[in-house]
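Written out below as structure tokens is the structure these notes cover.
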């Protein structure tokens, strides 16, 4: 009878995780859709006033970002958006914006220095990687509880900390 109970618990856990994954996927899609609606609406409005202006894209993105990902819509419509997913999406986009800024800077430097863009990007990527990991390790060692997100903190604890977690615990973020 014990193995049947265990199998039942495992199946229940699997079903729970599938349902949770579906909910998270829907929440993710809802955030993207809300942003797209706001951004597109602002674009249509601004393009009537000042067509084809680059600043229109920034204004639309800024308003959509602050309303959807910045939590303003959640203040007025409780639980409209999953804040944890909004944070993850914003952090992902931040990393992509930093990379885009690096490429933009490489184009500017290429014009001024005559170096090939690939050379500049390689040095830029290496420098960015070094800065990110160097600062991460400083924050981890100065006050990880204050500066770092919980899942990242646990991952770094697993790799470098004095606390030893089992391999299964390393992937369990529900602690």
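Residue numbers (my numbering): 443 to 617. For each residue, glycine too, the CB sits at the ideal point set by N, CA and C.
Shortest Cα-Cα distance from residue 541 to any of 589, 556, 447, 574 involves 574. In chain order, 507, 511 place their CB closer than 8 Å to the CB of residue 532, counting only its own chain and leaving out the 5 sequence neighbours on each side.
By the C-beta density criterion, residue 475 is exposed, having fewer than 16 other C-beta atoms within 10 angstroms.
In this structure, residue 470 places its C-beta atom within 7 Å of the C-beta atom of residue 527. If only uninterrupted alpha helix (DSSP H) runs of at least 4 residues are considered, those enclosed by the segment 514 to 542 are 514 to 518. Restricting attention to 589, 546, 579, the CA atom closest to the CA of residue 563 is found in 546.
Where residue 557 is concerned, there is no enclosing alpha helix (DSSP H), because DSSP gives it neither an H nor an E.
Per DSSP, the unbroken alpha helix (DSSP H) holding residue 481 starts and ends at 444 to 491. Cβ-Cβ distances below 7 Å link residue 509 to 480, 515 in the same chain, with the five nearest sequence neighbours on each side left out; the list follows chain order. In the structure shown, residue 603 falls within a coil segment according to DSSP collapsed to helix, strand and coil.
Bounds of the alpha helix (DSSP H) holding residue 501 are 496 to 506.
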